[in-house]
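Asks: The following block contains the structure, expressed as structure tokens.
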Amino acid sequence: MNVKLPDGSVREYEGKMTAFDVVRDISEGLSRMACAVKINGEVKDLTTELVGDIDEFVVLKFEDEGGKKTYRHTASHVMAQAVKRIWPEAKVAIGPAIENGFYYDFDVEKPFTPEDLEKIEAEMQIIIDEKLPIDRFELPRQEAIKLMEEKGEPYKVELINDLPEDSVISFYKQGDFTDLCAGPHLPSTGRVRSYKILSAAGAYWRGSEKNKMLQRIYATAFDSKKDLKAYLNMMEEAKKRDHRKLGKELELFALMDEGPGFPFFLPKGMIIKNELVNYWRDVHRKAGYVEISTPIILSRQLWETSGHWLHYRENMYTTVIDEDDFAIKPMNCPGGMLVYKTKPHSYKEFPIRVGELGLVHRHEMSGALHGLMRVRSFTQDDAHIFMLPEQIKDEIKNVIKLIDEVYKVFGFSYHMELSTRPEKSIGKDEDWELSTQALKDALDEEGLEYVINEGDGAFYGPKIDFHLEDCIGRTWQCGTIQLDFQMSERFELEYIGADGQKHRPVMIHRVAFGSIERFIGILIEHYAGTFPVWLSPVQAKILTITDRNNDYANEVISFLESRGIRCEIDTRNEKIGFKIREARNERVPFITVIGDKETEDNTLSVRMRGKKEDEIMSPEELANKICDDVKNKK
RNA sequence: GCCGCUAUAGCUCAGUAGGUAGAGCGCAUCCAUGGUAAGGAUGAGGUCAUCGGUUCGAAUCCGAUUAGCGGCUCCA
């Protein structure tokens, strides 16, 4: 048989050969690194017996996505085996590889304790040291079910029953442990070189809160101890930039028992929030938006019209005023619709872009709250755009560009997702087709990459979501662009077309920051608290050496403030080293020392972030430098 | 909301075996006026989250509540 390698060369073999034999034939070194192979487009076990000519034979190492998955999936089986050895009555559920590691779900009498996890980790090493060969075998459905029933694994039986009729049912056996699994796997448990159990947590069987809660163990595995250590170090470092920790240290915001999920902004955090809002207004004014503000509390009747009273009630805070029901707005759209209706509109006005920095309240479940990332009251940088159907595509492009422009200012990388019509949805087929196509065309014509989430759209229209990453790699949805046919229908929005007739406008609903609170949370982590000058709560801090320098220092402060610079002065009776240490911990971008020398020469000794040497400059020069940085959003 | 863990001074955390609490930082006062990441001394500050139980006695053991943390679910 002929095997074609990625470099184009072809190797000839005779007789029984496994993929691993070929790998070993290519190089001994490679065989030690190999995790799996890709044969004619399919990722397979190294133990796979080769049949016939192979046009594509790619060896997958840990660095390769398929290799990493295989490696960690095997590690998850080793973990499951360890758990079964210690608690034979434990029922195994599923154990896939995930982004940075893997997990396995178990149904056990008692949740795992930290000591249990240590025991499991130790047992895993024993299994690895046993170097158990991992063998694949297939069974017909009935026998597969019988095997799992014998082993007392009801979850596996359920999984088998749910497999499509024609699917191959495969198992992997390693020593005393056999698991239903599609594979592929490493050839031996001895091939797992380093791993670490990270945490245990409850998780619903099949992800539904209606099902039993199982115990999930999260862990990770790498092909070398060095890489594992590097990963664990990285996670430690990431924790240091957690926005909740930095938010407290830098006095940006606070969360209190008195308002769970309702964040308090402290003076320094408020500066960041206001700067973001100023920037937002500037960008939107230039992009042709007008701004409105609608009430936070509106009548029940309005929410019935919008459908929220029926569909979103459990997330809404309600109140009673003069015996009538009112609700605190969870979204801004209904208010925006009322504003649209304050006067008749002509097609000539379109597109009408109406922005609103709306404070919304949503009752999120207590367990879902997370710092500023997931709160119960937040400010959406909302806007509703009313337009003609033929304007959809261009307008979507405009919004995509605007959001991209905004994210670029902060140096964010992000990914986009397009969500299409869900099963439960309302509206005409043609509207869905038209709008989904418009979203797709806009993305494609701009040459943008995106993933499609089939059926994940809102019930009233398809959407494009923008996702940003936090410091430990979790992604948070921020920007979103949603087509909405529901609202204009429900609120009977109208415009007079060129034909003199009344029509329904098309509406999009979009946010760029998403939630200013969440965006700030991500910014804190993104910059690790070291904000660019324009966002820095304190841009310059003046430190005096002795109180002989106070008068000059105050003069300098007044001058800088007259130029709109946010500054602080530290005339405390402390040593300069101590004052510098504090100013640096506060991440002040321009730390200015004034001693006798500077007082005499009317100069400043300025330490700029990231530079080791101080720079001597005049107050004028410092002010210009800071103003330039602010202007350039540096 | 669900599973698990946690709650001690403004902050970060000790508190071994039930016998009414400690450190560092911060704060206040005093000394030192000191040139680029912590000068020294003294002092104030705690119903040990809340409520209830066990006990002669609870920060410590048990239960409930509240909030936080890690996940699940949900979402900007």
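Under this note's numbering, the first residue of the first sequence carries the number 3, and numbering increases by one thereafter. A virtual CB, placed ideally from N, CA and C, is assigned to each residue, including glycine.
1) Just mark Gly481 as buried or exposed, buried being the case when its beta carbon has 16 or more other beta carbons within 10 Å.
2) What do you get for Ile618, buried or exposed, if any count of 16 or more other CB atoms within 10 angstroms of its CB means buried?
3) Whole angstroms are fine: how far does the CA of Gly459 sit from the CA of Lys627?
4) Determine the extent of the beta strand (DSSP E) in which Ala555 is found, giving its start and end residues.
5) Judging by CA-CA distance, which residue of Gly523, Gly566 and Arg568 is the nearest neighbour of Asp244?
6) Have a look at Glu471 and Asp631 and give me their C-alpha separation to the nearest angstrom.
7) For a quick check, are the C-beta atoms of Met489 and Met339 less than 9 Å apart?
8) Ser620 and Thr605 look like a contact to me (Cβ under 8 Å); what is the Cβ gap, rounded to whole Å?
9) Assuming contact is defined by CB atoms lying nearer than 9 Å, are Glu296 and Gly360 in contact in what I supplied?
10) Can you tell me which of Val94, Val558, Trp434 and Val608 puts its alpha carbon nearest to the alpha carbon of Ile582?
11) Which full runs of the alpha helix (DSSP H) of 4+ residues lie inside the stretch 234-282, going along the chain?
12) Are the stretch 486-502 and the stretch 341-353 touching by the rule of at least three beta carbon pairs closer than 8 Å?
13) So the candidates are Met19, Ala256 and His75; which of them puts its Cα closest to the Cα of Thr222?
14) Hey, could you find the ends of the beta strand (DSSP E) Val1 is sitting in?
15) Buried or exposed for Ile387, going by 16 or more other Cβ atoms inside 10 Å?
16) Excluding the 5 residues preceding and the 5 following Ile428 in the sequence, name in chain order all residues of the same chain whose CB lies nearer than 7 Å to its CB.
17) With C-beta atoms as the reference, is Gln382 less than 9 Å away from Glu358?
18) Ser78: which of Lys63, Phe414, Ile100 and Pro534 sits nearest, CA to CA?
19) Within a Cβ cutoff of 6 Å, which residues of the same chain sit near Arg565, ignoring the five residues on either side of it in sequence?
20) Short check: CB of Glu107 to CB of Ile122, under 9 Å?
21) Could you give the distance in angstroms between the alpha-carbon of Glu117 and the alpha-carbon of Glu91?
22) CB-CB under 6 Å to Leu134, same chain, minus the five flanking residues each way: which ones, in chain order?
23) Based on Cα-Cα distance, which residue from Thr50, Ala36 and Met35 lies nearest to Asn42?
24) DSSP three-state label for Pro116, please.
25) Based on the DSSP secondary-structure assignment, which residues constitute the bridge partners of Ser421?
26) With a 10 Å radius around its C-beta and 16 neighbouring C-beta atoms as the bar for buried, classify His313 as buried or exposed.
27) Near Phe592, which residues of its chain fall below 7 Å by C-beta distance, leaving aside the five closest residues on each side in sequence?
28) Could you say which of Ala440, Ser196, Glu527 and Thr320 lies nearest to Trp305 if we only look at CA atoms?
29) Taking His187 and Tyr174 to be in contact with their CB atoms under 8 Å, please state how far apart those CB atoms are, rounded to whole angstroms.
30) Any contact of the stretch 140-160 with the stretch 56-66, i.e. 3+ C-beta pairs under 8 Å?
31) Since Ile323 and His363 should fall inside the 8 Å C-beta cutoff, what is the C-beta to C-beta distance between them, to a whole number of angstroms?
32) If you follow the alpha helix (DSSP H) that Glu151 is part of, which residue opens it and which one closes it?
33) Can you pull the DSSP bridge partners for Lys627?
34) Over the uninterrupted alpha helix (DSSP H) stretch that includes Leu495, give me the two end residues.
Replies: On the basis of the coordinates in this document:
1) buried
2) exposed
3) 47 Å
4) First-last for Ala555: Asn552 to Ser564, but that is the alpha helix (DSSP H), not the beta strand (DSSP E).
5) Asp244 has its Cα closest to that of Gly523, out of Gly523, Gly566 and Arg568.
6) 26 Å
7) yes
8) 6 Å
9) Looking at the sequence itself, residue 296 is Thr, so the reference to Glu does not match. Contact: yes.
10) Val608
11) 245-251
12) yes
13) Looking at the Cα atoms, His75 is the closest of the given residues.
14) Nothing about residue 1 can be reported from this structure: the residues present for the chain run from 3 to 636 only.
15) buried
16) Counting only Cβ-Cβ distances below 7 Å, and skipping sequence neighbours, we find Phe461, Tyr462 and Gln488.
17) A distance below 9 Å separates the beta carbons of Gln382 and Glu358.
18) Looking from the CA of Ser78, the closest CA among Lys63, Phe414, Ile100 and Pro534 belongs to Ile100.
19) Ala625
20) One detail in the question is off: residue 107 reads as Asp in this sequence, not Glu. By the CB criterion at 9 Å, Asp107 and Ile122 fall outside the cutoff.
21) 19 Å
22) If you ignore the 5 residues before and after Leu134, its C-beta comes within less than 6 Å of the C-beta of Gln176, Gly177 and Thr191, all in its own chain and listed in chain order.
23) Thr50
24) helix
25) Asn455 and Lys465
26) That one is exposed.
27) Cβ within range, chain order: Gln541, Ala542, Val608, Met610, Leu624 and Ile628.
28) Of the candidates Ala440, Ser196, Glu527 and Thr320, the one whose C-alpha sits nearest the C-alpha of Trp305 is Thr320.
29) 5 Å
30) no
31) Between His363 and Ile323 the Cβ distance is about 16 Å, and since that is not below 8 Å, they are no contact.
32) For Glu151, the enclosing alpha helix (DSSP H) stretches over residues Arg143 to Glu152.
33) Paired residue(s): none; Lys627 is not in a bridge.
34) Element bounds for Leu495: n/a, residue is neither H nor E.
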